[in-house]
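Worksheet: one structure, shown below.
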Amino acid sequence: MNSVAHDEDPQLASLELHRRVREFARGQSTEPFDELALSIARFQARHSPGYGRLVSAKGAGFGLLEDAPAVPADVFRILRVSVFAEGDDVAVFRTSGTTQAESGSHYFRSLDTYDELALRAGSWALRRSDDQLCTPVALAPLPKTPNHSSLTHMMELFMTGFDGRAFGTGEFNARVAERWLTSEEGVDVPGLYRAAEVAGERGEPLLVLSTSFALVHLLDALKGARVELPRDSVVMQTGGFKGRSRIVNELDLRHDVALAFGLEEERVVGEYGMTELSSQFYEGTRPGASWWGPRGQYIEPPWARIDAVDPETLELLPVGEVGIARITDLGNVDSAVIVQTQDRVRRGDAGIELFGRTPGAPARGCSLATEILLGGKSPAGWDTH
Amino acid sequence: MGCSSAARDRVQRLCAAARRIQDPSDPLGREARERLPAITGLSLENVELALSRCLEASPSEDELEQLTRGVAAAPRAHVLLSANVFVAAHRAIALALAAAPRVFVRSSRREGVMAELLGRADPGLFERVGELLPNPGDHVWAYGADETLKAFQAQLPPGVVLHAHGSGFGVAVVQHGHDSTLDWAERLSEDISLFDQRGCLSPRVVLYQGPREGVESCASALSRALERTEARIPRGRLHATESQMARRVSDTLMMTGRVIPAGKGWVGVDAAGLGTFIPPPGRHVVVSCCSAVEQWLHPHRQHLTAIGFSGDPSLRDALSDAVTGARISRLGEMQRPPLDGPVDRRAHSVRMT
Numbered sequence: 015m016n017s018v019a020h021d022e023d024p025q026l027a028s029l030e031l032h033r034r035v036r037e038f039a040r041g042q043s044t045e046p047f048d049e050l051a052l053s054i055a056r057f058q059a060r061h062s063p064g065y066g067r068l069v070s071a072k073g074a075g076f077g078l079l080e081d082a083p084a085v086p087a088d089v090f091r092i093l094r095v096s097v098f099a100e101g102d103d104v105a106v107f108r109t110s111g112t113t114q115a116e117s118g119s120h121y122f123r124s125l126d127t128y129d130e131l132a133l134r135a136g137s138w139a140l141r142r143s144d145d146q147l148c149t150p151v152a153l154a155p156l157p158k159t160p161n162h163s164s165l166t167h168m169m170e171l172f173m174t175g176f177d178g179r180a181f182g183t184g185e186f187n188a189r190v191a192e193r194w195l196t197s198e199e200g201v202d203v204p205g206l207y208r209a210a211e212v213a214g215e216r217g218e219p220l221l222v223l224s225t226s227f228a229l230v231h232l233l234d235a236l237k238g239a240r241v242e243l244p245r246d247s248v249v250m251q252t253g254g255f256k257g258r259s260r261i262v263n264e265l266d267l268r269h270d271v272a273l274a275f276g277l278e279e280e281r282v283v284g285e286y287g288m289t290e291l292s293s294q295f296y297e298g299t300r301p302g303a304s305w306w307g308p309r310g311q312y313i314e315p316p317w318a319r320i321d322a323v324d325p326e327t328l329e330l331l332p333v334g335e336v337g338i339a340r341i342t343d344l345g346n347v348d349s350a351v352i353v354q355t356q357d358r359v360r361r362g363d364a365g366i367e368l369f370g371r372t373p374g375a376p377a378r379g380c381s382l383a384t385e386i387l388l389g390g391k392s393p394a395g396w397d398t399h
Numbered sequence: 080m081g082c083s084s085a086a087r088d089r090v091q092r093l094c095a096a097a098r099r100i101q102d103p104s105d106p107l108g109r110e111a112r113e114r115l116p117a118i119t120g121l122s123l124e125n126v127e128l129a130l131s132r133c134l135e136a137s138p139s140e141d142e143l144e145q146l147t148r149g150v151a152a153a154p155r156a157h158v159l160l161s162a163n164v165f166v167a168a169h170r171a172i173a174l175a176l177a178a179a180p181r182v183f184v185r186s187s188r189r190e191g192v193m194a195e196l197l198g199r200a201d202p203g204l205f206e207r208v209g210e211l212l213p214n215p216g217d218h219v220w221a222y223g224a225d226e227t228l229k230a231f232q233a234q235l236p237p238g239v240v241l242h243a244h245g246s247g248f249g250v251a252v253v254q255h256g257h258d259s260t261l262d263w264a265e266r267l268s269e270d271i272s273l274f275d276q277r278g279c280l281s282p283r284v285v286l287y288q289g290p291r292e293g294v295e296s297c298a299s300a301l302s303r304a305l306e307r308t309e310a311r312i313p314r315g316r317l318h319a320t321e322s323q324m325a326r327r328v329s330d331t332l333m334m335t336g337r338v339i340p341a342g343k344g345w346v347g348v349d350a351a352g353l354g355t356f357i358p359p360p361g362r363h364v365v366v367s368c369c370s371a372v373e374q375w376l377h378p379h380r381q382h383l384t385a386i387g388f389s390g391d392p393s394l395r396d397a398l399s400d401a402v403t404g405a406r407i408s409r410l411g412e413m414q415r416p417p418l419d420g421p422v423d424r425r426a427h428s429v430r431m432t
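The listed protein sequences derive, respectively, from chains A and B. In this text, residue positions in the first sequence follow the numbering used here: the first is 15, and each later residue adds one. In this text, residue positions in the second sequence follow the numbering used here: the first is 80, and each later residue adds one.
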């Protein structure tokens, strides 16, 4: 099914799909997940030239969701994956490649759906209830303008959505140094103590949002000291150590972080997301979490699904087998509703277990290992809408 | 330089040994044909073609002269062999024999048949060992992936001279309208099919210099040629990771361009030159429209070992200037460089400190 002349107004169609996705996420829709995902996939085949080519090349039908082709995550580094033209961008999130040429880009015409889904998922994973106020801070640098990090955007969203109050008097502004506690100088430990104090005075939890690597730096900076956090506080931990000079054992890190903060280990909650998606997946370990799951299993929110597929055939694997993650994300209305990653996963009882990235084809002998490098951005005039 | 007559004699003895293996009527030749397909994963037809066309068993006097003159003399020489391209053992050992009277050879754990057969063809010419133990002043020729060589280098003692030949790949350049499409496509398909594209000389990218609308017909012609070649030289088995990567790259190409099936492999079309795709071995190749070939080649020169071309003869000089370390040849000759020195001309010699 290729991009064909269609009476449909893509912008109106997109708005309608976004509406359906948000209703679905709110639990206000009886539309089945698969049906909604297929509607989005068909829409993308009609209006995203690259996806249209993929669907046409594979001769794919849209009878069953598992038959709809997935967009390889690599494509985000090479091609604009979008149903709308560049002039309609309101936001662009970029992956953290070594150079801009290596980074992938995810374009958004609107962040309304993204934000709603992120707040919903973050709320159940990290807060006791949807209306519980908390004090979020990030072990991350102050965002730049424009911000191209989806993680930073999410952190800022939590500061606004779960808090929205300044630490002292005055108007709330998420982009202040007291919220973003790392810089070139390192981790702002006094700032962290101050944030814990504010949360304590408010009688509410502190929510520490951090990458694994930043947590390691924090522990180094604390040198064994502790930061006692108020009751119900949570640490959201995301990311691994790919490409870093230092790798720390995951279990040890959780333990040490919990100890440093005076928390139960279950309150260090893992988050899995990627720039190419609109949705996030969390561990369900926070005590009292409505979507509970054991450590190491990432819960799929109702609007997103992770399937383990065979790396060679891309066919769905039986439960319990390790494959690579095929992610169906209803939030990706305007980009790629189904993304094929190289992350190794397995379905557990409550969620998805992650086993890291599939290594690239290892170099065997003298032949250069396969690479998909970048020759630069798409030249103007090619693949425009 | 190791250009003594003794050095030439040693190399000629090795070539005589290689000719025995080349000869299907020789017991060692028969044994090679029995064992190599299983151990390499290549089809018997591919092994046969490699033995007959790529094993440099009969160098000319000039080539021998160049080879022996180009190698530094050493008290002892050591060779760490790679797998993938089984005939490479012959040249690697030849270089070492040109350098030193005493040569130690350690085969790859994945393929040691060729070195074994060469050794049996002329007992005492060199020694096969399980571990290389070079002394200061010895020279070591090491072949393999960059990561392997890095690790190997780290454990060499000071004073050893290492000649490292790491990861590499080949590129084909096709000038529109110069040679007949059928002609260059057939020749290139053989370059691609030999060793199932696993060698450092194997072309994995085709840079098409011509109008953008010509890329598709170029790719189509190549895919048909690959199908014909596969009919007489079947593809062997792929490793799981190679298959996985092939799938990943082809799906990406389907979105950014086009993928044309070519027997068990495929030809990707990157008409807009959107990316630099270096597909996995297994007879997969990407054809990119490229007006400024030198610009494409330049950032990859570190890994480029071979450039084959179809076009005006003056293109040879231009390509040679663009990538000084790569062997330049006509299409169809990429996998059979003369025995005049190392296959890989990129300079990677270092004395350990």
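By construction, the Cβ of each residue, glycine as well, lies at the ideal position given by its N, Cα and C atoms.
Where do the ends of the alpha helix (DSSP H) carrying residue i lie?
{"i": "Phe47/A", "result": "47-61"}
{"i": "Cys297/B", "result": "292-311"}
{"i": "Ser43/B", "result": "Not covered by the structure: residue 43/B. The range shown for chain B is 80 to 432."}
{"i": "Ile92/A", "result": "Ile92/A -> no alpha helix (DSSP H), and no H or E assigned at all."}
{"i": "Gln25/A", "result": "24-40"}
{"i": "Thr227/B", "result": "225-233"}
{"i": "Trp121/B", "result": "Per the sequence shown, residue 121/B should be read as Leu rather than Trp. Taken as a continuous stretch (DSSP letters only), Leu121/B belongs to no alpha helix (DSSP H), as it is neither H nor E."}
{"i": "Thr147/B", "result": "140-148"}
{"i": "Gln101/B", "result": "84-101"}
Per the DSSP calculation, residue i is bridged to which residue(s)?
{"i": "Tyr287/B", "result": "Val253/B, Cys368/B"}
{"i": "Glu285/A", "result": "Thr252/A, Tyr296/A"}
{"i": "His157/B", "result": "Phe183/B, Val219/B"}
{"i": "Ile386/B", "result": "Val250/B, Ile407/B"}
{"i": "Val206/B", "result": "For the record, residue 206/B in the displayed sequence is Glu; it is not Val. Per DSSP, Phe183/B."}
{"i": "Arg337/B", "result": "Val348/B"}
{"i": "Ala339/A", "result": "Ala322/A"}
{"i": "Ala105/A", "result": "Phe122/A"}
{"i": "Trp194/A", "result": "Ala152/A"}
Please list the terminal residues of the continuous beta strand (DSSP E) segment that includes residue i.
{"i": "Gly136/A", "result": "Taken as a continuous stretch (DSSP letters only), Gly136/A belongs to no beta strand (DSSP E), being part of the alpha helix (DSSP H) at 126-140."}
{"i": "Asp266/A", "result": "Looking at the DSSP string, Asp266/A is not in any beta strand (DSSP E); the run it does join, the alpha helix (DSSP H), is 264-275."}
{"i": "Leu221/A", "result": "220-225"}
{"i": "Arg132/B", "result": "It is not in any beta strand (DSSP E) - Arg132/B carries neither H nor E in the DSSP assignment."}
{"i": "Leu368/A", "result": "366-371"}
{"i": "Thr149/A", "result": "149-153"}
{"i": "Val359/A", "result": "352-361"}
{"i": "Arg430/B", "result": "428-430"}
{"i": "Ser268/B", "result": "Careful: Ser268/B lies outside any beta strand (DSSP E), inside the alpha helix (DSSP H) at 260-272."}
{"i": "His167/A", "result": "Here His167/A belongs to no beta strand (DSSP E); instead the alpha helix (DSSP H) covers 164-175."}
Could you work out which residue in the options is closest to residue i when comparing CA atoms only?
{"i": "Ala188/A", "options": "Met169/A, Gly205/A, Thr196/A, Glu198/A", "result": "Met169/A"}
{"i": "Arg123/A", "options": "Arg134/A, Arg340/A, Ala105/A, Glu49/A", "result": "Ala105/A"}
{"i": "Leu123/B", "options": "Asp270/B, Ile312/B, Pro378/B, Arg99/B", "result": "Ile312/B"}
{"i": "Tyr207/A", "options": "Glu198/A, Ala191/A, Glu242/A, Ser226/A", "result": "Glu242/A"}
{"i": "Arg142/A", "options": "Asp246/A, Asp363/A, Ala272/A", "result": "Asp246/A"}
{"i": "Arg371/A", "options": "Thr355/A, Ala364/A, Arg360/A", "result": "Thr355/A"}
{"i": "Met250/A", "options": "Phe275/A, Leu236/A, Leu223/A, Ala228/A", "result": "Leu223/A"}
Mind checking if residue i is an interface residue toward chain D, Cβ cutoff 7 Å exclusive?
{"i": "Thr335/B", "result": "Absence of chain D from the displayed structure is noted, the protein chains being A and B."}
Query raised in the report: Got a sec: which bits of the segment 309-332 of chain B sit with their beta carbon under 8 Å from any beta carbon on chain A, in order along the chain?
Result: His318, Ala319, Thr320, Glu321, Ser322, Gln323, Met324, Arg326, Arg327, Val328, Asp330, Thr331
Report task. State whether the segment 157-168 of chain B contacts the segment 220-227 of chain B, with contact taken as three or more CB pairs (one from each stretch) at a distance under 8 Å. Result -> These segments touch.
**Report entry** Members of the segment 90-106 of chain A near chain B, C-beta cut-off 7 Å
**Finding:** Ile92, Leu93
Query - Short-range partners of chain B found in the segment 66-78 of chain A, where Cβ spacing is below 8 Å - result: Arg67, Leu68, Ala71, Lys72
Report task. Could you tell me whether the segment 58-68 of chain A touches the segment 298-308 of chain B, where touching means 3 or more Cβ pairs closer than 8 Å? Result -> no
Query raised in the report: Would you call the segment 172-183 of chain B and the segment 140-151 of chain B touching, i.e. three or more CB-CB distances under 8 Å?
Result: With the cut-off at 8 Å, the segment 172-183 of chain B and the segment 140-151 of chain B touch.
Query raised in the report: Residues in the segment 227-257 of chain A with C-beta within 8 Å of chain B's C-beta atoms, listed in sequence order?
Result: For the segment 227-257 of chain A, the set of positions with a beta-carbon nearer than 8 Å to some beta-carbon of chain B is empty.
Query - the segment 112-120 of chain B / the segment 308-324 of chain B touching (three or more Cβ pairs under 8 Å) - result: yes
Query raised in the report: For the segment 362-376 of chain B against the segment 126-142 of chain A, are there 3 or more C-beta pairs whose distance is under 8 Å?
Result: no
Query raised in the report: Can we say the segment 87-106 of chain A touches the segment 334-348 of chain B, given the rule of at least three CB pairs closer than 8 Å?
Result: The count of Cβ pairs closer than 8 Å, one atom from the segment 87-106 of chain A and one from the segment 334-348 of chain B, reaches three, so the stretches are in contact.
Query - Residues of the segment 313-327 of chain A with Cβ closer than 7 Å to any Cβ of chain B, in chain order - result: Pro325, Glu326
Query raised in the report: How about the segment 150-161 of chain A and the segment 275-283 of chain A: do they share at least three Cβ pairs that are nearer than 8 Å?
Result: no
Query raised in the report: Is it true that the segment 410-421 of chain B meets the segment 257-276 of chain B, where meeting means three or more beta-carbon pairs spaced less than 8 Å apart?
Result: Contact between the segment 410-421 of chain B and the segment 257-276 of chain B is present, with at least three C-beta pairs closer than 8 Å.
Query raised in the report: Hey, is the segment 207-217 of chain B in contact with the segment 239-255 of chain B, meaning 3+ C-beta pairs nearer than 8 Å?
Result: yes
Query raised in the report: How about the segment 242-255 of chain B and the segment 376-389 of chain B: do they share at least three Cβ pairs that are nearer than 8 Å?
Result: yes
Query raised in the report: Looking at C-beta atoms only, is the number of pairs between the segment 31-47 of chain A and the segment 314-323 of chain A that lie closer than 8 Å three or more?
Result: yes
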